[in-house]
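Step one of this worksheet: look at the structure below.
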């Protein structure tokens, strides 16, 4: 069996959007990055469909937004309605721009985002990507991390990197290798996710909304320009196999005047939406990011956003640790890298709590419970008289001074006129 050794500043395990962004941010800082991805080709079907203004700002900073020109769709208010059409809740702002200078919410198709990010990473001379290369062993040796990977042809790859980051998803190998476990926050429902390409142009009003109907809780959102996503909750009396098929998808789409005659089905898959967070984000020179560290229900649209925030937070800290700029001492570097989870984990947990709270609104299949919910929320919405802003949690306490006003909160990115 052939073998080879590669050296890197940072090894990234997993090359989805989180791993891609981390590679770009480190590569732009001149760091040698090797990304190891088990799948030989990018996943071709839609998954995440939303990022917010803060993530747009992160992508801007990485130089990745020009590659998305024409591939995204701004989104305004996100509405929650009951079966009678009454508004229960409005989230977001109608304004075109936000605190970050980008639309409050943007809808996209994940394969298109990944292509743009991969092209950006590929243009960086110190970023190398090994596809079809599965990591099978990982060991922190004190001064470096040793990784062993296998290619599809059986060849082995031995890699030594000063740090390693697991961006390898919900079933993360790296998470297990550092002895981390996921804490289940006790919220899980099965939903059929359906992605469509309508062949007839149609104006969807509102663009993104939730149908809080106990007969069938349903999500209706953009999947990016020219695409549409529906999500249908599995009801308590239904077996998973009753829902996890194309025939069921088309049956559920009939009320929306969608059929094989006027739309193409890109994907339909039954998912269990859950809420979990890793009890450890770092051990020595090995760290976790994205779905390897946390999972949340989709109702706040913050799953991928949180992973991309992880990459943005971690990139500058790894760069500083690699340069010795963290004080030049092990204890200082340890404190800096510990601040990654110190800041990110509480932020993620607040967004998971929000996602679960929203999930408890929609995941109601009991008519009496739904009626009580509707009465309460319709009254609250009318009393409020407008939409709620998208919440922006504070970072967890760590590298910033807690006594400073607005510390740990997102700062404005203004447009300069002169």
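Numbering (our numbering), first residue to last: 57 to 474.
The beta-carbon is built from N, C-alpha and C at its ideal position, and this holds for glycine as well.
*Please report the residue range of the beta strand (DSSP E) in which residue 322 lies.*
Its beta strand (DSSP E) spans residues 319 to 329.
*When DSSP labels each residue in this structure, what does residue 361 get in the three-state scheme?*
helix
*With burial defined as no fewer than 16 other Cβ atoms inside 10 Å of the residue's Cβ, what is the status of residue 379: buried or exposed?*
exposed
*Could you name the residues that DSSP lists as bridge partners for residue 166?*
Paired residue(s): none; residue 166 is not in a bridge.
_At the level of alpha carbons, what is the spacing between residue 199 and residue 262?_
54 Å
_Looking at the secondary structure, which residues open and close the beta strand (DSSP E) in which residue 252 lies?_
If you look at residue 252, you'll find it in the beta strand (DSSP E) that goes 245 to 254.
_DSSP beta-bridge partners of residue 89_ = For residue 89, which the question treats as bridged, DSSP gives the partners 66 and 183.
*Would you decide whether residue 462 is buried or exposed? Buried here means 16 or more other CB atoms lie within 10 Å of its CB.*
exposed
_Where residue 101 falls, given that 16 or more other Cβ within 10 Å makes a residue buried_ = exposed
*N-terminal and C-terminal residue of the alpha helix (DSSP H) that residue 109 is part of*: 109 to 117
_Beta-carbon proximity list for residue 319, same chain, < 7 Å, skipping 5 on both sides_ = Excluding positions up to five away in sequence, the list reads 252, 253, 254 and 255.
*asked:* Within the continuous alpha helix (DSSP H) that includes residue 74, where are the two ends?
replied: 73 to 83
*Per DSSP, residue 195 is paired with what?*
202
_Complete runs of the beta strand (DSSP E) confined to the segment 216 to 241 [at least 3 residues]_ = 238 to 240
_Contact under 8 Å by Cβ, residue 440 with residue 397_ = no
*Kindly indicate which three-state DSSP category residue 454 falls into: helix, strand or coil?*
coil
*What three-state label does DSSP hand residue 467 in the structure shown?*
coil
_Using 8 Å as the threshold, is the C-beta distance between residue 212 and residue 206 below it?_
yes
*Per DSSP, the bridge partner or partners of residue 106*: Beta-bridge partners of residue 106 (DSSP): 163.
*Among all the DSSP beta bridges, which residues are the ones paired with residue 275?*
266 and 287
*So the alpha helix (DSSP H) residue 310 belongs to, where does it begin and stop?*
DSSP places residue 310 in no alpha helix (DSSP H); its state is neither H nor E.
*residue 425 lies in the alpha helix (DSSP H); which residues open and close that run?*
Here the alpha helix (DSSP H) through residue 425 covers 423 to 440.
*Please classify residue 403: does DSSP put it in a helix, a strand, or coil?*
helix
*Measure the alpha-carbon distance for residue 229 versus residue 454 and round it to whole angstroms.*
28 Å
*Spatial neighbours of residue 183 in its chain, beta-carbon cut-off 6 Å, leaving aside the 5 residues before and after*: 79, 83, 89 and 177
*Does the segment 131 to 148 come within contact of the segment 426 to 445, defined as at least 3 CB pairs closer than 8 Å?*
Contact between the segment 131 to 148 and the segment 426 to 445 is present: 3 or more CB-CB pairs across the two stretches fall below 8 Å.
*Between the C-alpha atoms of residue 237 and residue 175, what's the straight-line distance to the nearest angstrom?*
34 Å
*Quick one: give me the first and last residue of the beta strand (DSSP E) that residue 130 is part of.*
129 to 131
*Identify whether residue 95 lies in helix, strand or coil by the three-state DSSP scheme.*
coil
*Do you know how far the Cα of residue 472 is from the Cα of residue 267?*
Using only the alpha carbons, I get a separation of about 41 Å.
*Excluding the 5 residues preceding and the 5 following residue 231 in the sequence, name in chain order all residues of the same chain whose CB lies nearer than 7 Å to its CB.*
222, 334, 344 and 348
*Would you call the segment 367 to 374 and the segment 391 to 405 touching, i.e. three or more CB-CB distances under 8 Å?*
yes
_Proximal residues to residue 292 (C-beta, below 7 Å), its chain only, five neighbours per side dropped_ = 421
_Terminal residues of the beta strand (DSSP E) in which residue 135 lies_ = 134 to 138
*What number of angstroms, rounded off, separates the C-alpha of residue 204 from the C-alpha of residue 190?*
8 Å
*Name the DSSP bridge partner or partners of residue 146?*
135, per the DSSP bridge assignment.
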